[in-house]
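Novice: In this note's numbering, the protein residues as written are 47 to 341.
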Amino acid sequence: MASAPLSYKLIKKIKDDKFDVDNLHQYTLLIHLGVRDLQVGIVDSDDRLLFFEDYIFQNLNSSEDQLSLLQELFEAHHLLTAGFWKTVKFSIKNNKLVQVPDSLFIEEAAPEYLKLNARFDAEKEVVLFCQNVKSNAVTVFALHKGIHDWIKVLYPNSAIKFMHQSTSLIEGVLDYAVSEDKPSLFIYVDRFKLHVISVKNGKLMYYNQFPIKHFSDYVKYIMLVLNAMQMSQQTSQIVLWGYIGKNSPHFLEFSKYIKNVTFGGRPSYLKFGYLFDEIQDHHFLDLYALHLLAN
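Structure below.
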């Protein structure tokens, strides 16, 4: 039986009035790729987000499928194949990563670090790394070689930075977090995945990501981390970002078990025009925080 054709759907698109196609050489292009989705952002030299798109994917079963769908989407897009951006920041969402302290990191040993925490195919994947400035660590991660090489060929005249979702989330949370005596727990609800970050006195204490199959998994994993970090379910401050509505049934159910939950806001390091009021403030922190990396 023939497999279903690869497909994608544009969920949201916003273009600021100040966007000027003649100024692409002054702009930074943000590409944030997941197994089931893609976000695109464009930031100008004044740190203003000028353009945003959110896509979801269907019928993907492999990295090869992911590459084929990306190529199809980009070819049909009037901006993404332009080759003269100032900078291109390409970020991957996957679980093939490890965090290494700055003091221990040796570039030549990156594959060995990654082997400690993830399985990867050296013939099909390239091992990369990016700096976590605020947490004094390096994120080592794997990316499909076909996607990596295609991006490099697509943007030969731009400075290309390869990054990982975990890095942007950690840096974004550390930028947002206020120094406190008690650690706070920061939650990012992704599509079919949960990211949990603990910060105390401005320092990263914990990061992990968990696959989600049922809504009950959210509460289970959050309780697991609270217990592991010896944090109180009743008194600990929980800050929430991601794909969950403020009045959604999921959030109302979530708040029955987890107290002191507030929603995170937009970052101060980016400027947003009025058109972006269509997007809830606690959405897309992982995309926005790419702006903090490798500037």
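Using N, Cα and C, we set each Cβ at its ideal position, and we do this for glycine too.
When the Cα atoms are used, what is the spatial distance from Ser108 to Leu84?
Specialist: Their Cα atoms are separated by approximately 15 Å.
Novice: Can you grab the Cα-Cα spacing for the pair Asp63 / Ser149, in whole Å?
Specialist: Roughly 45 Å between the two C-alpha positions.
Novice: How far does the alpha helix (DSSP H) with Glu171 in it extend, from its first residue to its last?
Specialist: Unbroken run through Glu171 is the beta strand (DSSP E), 171-178; no alpha helix (DSSP H).
Novice: Alpha carbon to alpha carbon, what distance is there between His210 and Ile290?
Specialist: Cα to Cα, Ile290 sits roughly 22 Å from His210.
Novice: Ends of the alpha helix (DSSP H) at Gln104?
Specialist: Counting along the chain, Gln104 falls outside any alpha helix (DSSP H), though it belongs to the beta strand (DSSP E) covering 94-104.
Novice: Taking only three categories from DSSP, how would you classify Ala48?
Specialist: Residue placement at Ala48 is flagged as unreliable, the pLDDT there being 49, under the threshold of 50; a coordinate-derived value is accordingly withheld.
Novice: So, under 8 Å CB-CB, Phe136 and Ile216 are touching, yes? Tell me the CB distance rounded to an integer number of Å.
Specialist: Between Ile216 and Phe136 the Cβ distance is about 18 Å, and since that is not below 8 Å, they are no contact.
Novice: Which of the three DSSP states, helix, strand or coil, is assigned to Thr281?
Specialist: In this structure, Thr281 counts as coil in the three-state DSSP scheme.
Novice: Indicate whether Phe98 and Gly80 have their beta-carbon atoms separated by less than 8 Å.
Specialist: No, these two residues do not count as a Cβ contact at 8 Å.
Novice: Indicate whether Leu200 and Glu171 have their beta-carbon atoms separated by less than 8 Å.
Specialist: Going by C-beta atoms, Leu200 is not nearer than 8 Å to Glu171.
Novice: Please report the distance separating the alpha-carbon of Tyr234 from that of Val179.
Specialist: Tyr234 and Val179: Cα-Cα distance of roughly 20 Å.
Novice: In whole angstroms, what is the alpha-carbon distance linking Ala48 and Gln279?
Specialist: Below a pLDDT of 50, predicted positions are generally treated as unreliable, and Ala48, at 49, falls in that range; the measurement from the model is reported next regardless. Those two C-alpha atoms are separated by around 49 Å.
Novice: Per DSSP, Ala205 is paired with what?
Specialist: Thr133, per the DSSP bridge assignment.
Novice: Quick one: give me the first and last residue of the alpha helix (DSSP H) that Phe297 is part of.
Specialist: Per DSSP, Phe297 belongs to the alpha helix (DSSP H) from 295-303.
Novice: Please classify Lys239 as buried or exposed, where buried requires at least 16 neighbouring CB atoms within 10 angstroms.
Specialist: Lys239 comes out buried.
Novice: Return yes when the Cβ of Leu220 is within less than 8 Å of the Cβ of Leu250, no when it is not.
Specialist: For Leu250 and Leu220, yes; Cβs fall inside 8 Å.
Novice: Just grab the DSSP bridge partners of Ala223 for me.
Specialist: Partner(s): none; Ala223 has no beta bridge.
Novice: State the Cα-Cα distance for the pair Gln177 and Tyr159, rounded to the nearest angstrom.
Specialist: Using only the alpha carbons, I get a separation of about 15 Å.
Novice: For Gly87, write down the residues that DSSP places opposite it in a beta bridge.
Specialist: In DSSP, Gly87 forms a bridge with Leu76, Phe98.
Novice: Would His124 be called buried (16 or more neighbouring beta carbons within 10 Å of its own) or exposed?
Specialist: So His124 ends up on the exposed side.
Novice: Could you spell out the range, first to last residue, of the alpha helix (DSSP H) harbouring Pro157?
Specialist: Segment 156-161, the alpha helix (DSSP H) holding Pro157.
Novice: Pull up the distance between the alpha-carbon of Glu324 and that of Gly288, whole angstroms please.
Specialist: Cα-Cα distance, rounded: 15 Å.
Novice: Are the CB atoms of Phe187 and Ile343 within a distance shorter than 8 Å?
Specialist: Look at the range of the chain in this structure, 47 to 341, and you will see that residue 343 is not part of it.
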